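Quick note: the sequence shown uses the working numbering, first residue 4, plus one each step.
In this text, a Cβ means the ideal position worked out from N, Cα and C, and glycines have one as well.
Nothing here was measured: the structure is a model prediction, and the numbers come from that model.
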Amino acid sequence: MEQTVMGLWDRPAAVLPRVYTDCVIGAGGAVVGLPPQPRHPDAIERVLDGIDGLILTGGKDVDAELYGERAHPENDTPRPDRDAWELALVRAAIARDLPLLGICRGLQVLNVALGGTLVQHLPDVIGSNRYSYGNATFADNPVITVPGTRIGGMLGDSLTVKSYHHQAINHLAEGLTVSARGDDGIIQAVDIDGMSFGVAVQWHPEETPDDLRLFAALIEAAQR
């Protein structure tokens, strides 16, 4: 939930950019929204019983306290309700081998859920804002995949992606395998070890709707 202005109304609302739903539908799937809600374990399991696959979308920064660090001044205001909900969802999804696709924040949630940490502000590390220009402008960046990984098999040796992030994986969580990097070495995608289908990318595939390979692969896995 976020405070949202809609015409005359200014109130908390669960909002998802339409590009996500368009990509899922365009790849042959149907969309069920899962806004943050109380995390009773039975509720999590009942929710996952009703879906065939899970997408963790982009959004605000994960609270740095969740991986044992003090927040960088450039970080977003924490969203504890969303953090708690998505951390619980991703752990339960992995435990039941539910097909999973993480996008941008979704990759970061996945890494934190499994015990990893994040680079909190990439310009401090790489000396530029090449991954996040601001003002809702997506940056084009090259990505090189790792041979033999699920991401590499789906997307080929390299591709240009749409980026909008100022954070990235720092310490990689156990149970994840790096499947793509930027030309500067920044982790851009991971495979989830041991899952029938589990991947996450740091970029925004929904912003290239003419390339639905990731969404199509998720839906294919969900239909098995």
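Inset, instruction - Could you spell out the range, first to last residue, of the beta strand (DSSP E) harbouring A203? - result: A203 -> beta strand (DSSP E) spans 201–204.
Inset, instruction - Tell me where the beta strand (DSSP E) around V164 begins and ends. - result: In the DSSP assignment, V164 falls within the unbroken beta strand (DSSP E) covering 161–166.
Legend entry - Three-state class that DSSP yields for P20 in the structure shown: Of the three classes helix, strand and coil, the one that applies to P20 here is coil, per DSSP.
Legend entry - Contact check, L2 vs A171, beta carbons under 7 Å: Absent from the structure is residue 2, since the part of the chain shown begins at 4 and ends at 227.
Inset, instruction - Determine the extent of the alpha helix (DSSP H) in which G178 is found, giving its start and end residues. - result: No alpha helix (DSSP H) contains G178, which DSSP labels as neither H nor E.
Legend entry - Pair within 7 Å by beta-carbon distance, L103 and A96: With respect to the 7 Å criterion, L103 and A96 are classified as neighbours on the basis of their beta carbons.
Legend entry - 3 or more residues per run - each beta strand (DSSP E) lying fully within the region 46–123: Within the region 46–123, the runs of beta strand (DSSP E) at least 3 residues long that lie entirely inside it are, in chain order, 57–59, 103–106.
Inset, instruction - Identify every residue that forms a DSSP beta bridge with P145. - result: T163.
Legend entry - Beta carbon of G109 nearer than 7 Å to that of L162: Contact flag unset, no.
Inset, instruction - Give me whichever residues DSSP pairs with P208 in a beta bridge. - result: The secondary-structure analysis by DSSP pairs P208 with nothing; it has no beta-bridge partner.
Inset, instruction - Verify whether the separation of the beta carbon atoms of Y134 and H168 is less than 7 Å. - result: Yes. Within cutoff.
Inset, instruction - Count the CB pairs spanning the region 137–144 and the region 83–92 that are closer than 8 Å, and state whether there are at least three. - result: Three or more Cβ pairs closer than 8 Å define a contact, and the region 137–144 falls short of that threshold against the region 83–92.
Legend entry - Cβ-based neighbour list, L101, same chain, cut-off 7 Å, excluding 5 preceding and 5 following: Cβ neighbours of L101 beyond the five flanking positions: L51, G56, L57.
Inset, instruction - Using alpha carbons as the reference points, say which of P76, G32, A74 lies closest to E223. - result: Ranked by how close their Cα comes to the Cα of E223, the residues P76, G32, A74 have G32 in first place.
Inset, instruction - Over the uninterrupted beta strand (DSSP E) stretch that includes I192, give me the two end residues. - result: Strictly speaking, residue 192 in this sequence is Ala, with Ile absent from that position. Where A192 is concerned, the enclosing beta strand (DSSP E) stretches over 190–195.
Legend entry - Member of G36, D127, L117 whose CA lies at the smallest distance from the CA of E177: Among G36, D127, L117, the Cα nearest to that of E177 is on L117.
Inset, instruction - Mark V93 as exposed unless 16 or more other C-beta atoms lie within 10 angstroms of its C-beta, in which case mark it buried. - result: V93 is buried by the Cβ-count criterion.
Inset, instruction - Output yes or no for whether 7 Å exceeds the beta carbon distance between G61 and C107. - result: Yes. Within cutoff.
Inset, instruction - Report all residues from its chain with a CB closer than 7 Å to the CB of D79; omit the five preceding and five following residues, and keep chain order. - result: Cβ within range, chain order: K63, D64.
Inset, instruction - State the Cα-Cα distance for the pair H75 and D66, rounded to the nearest angstrom. - result: Taking the straight line joining both Cα atoms gives about 10 Å.
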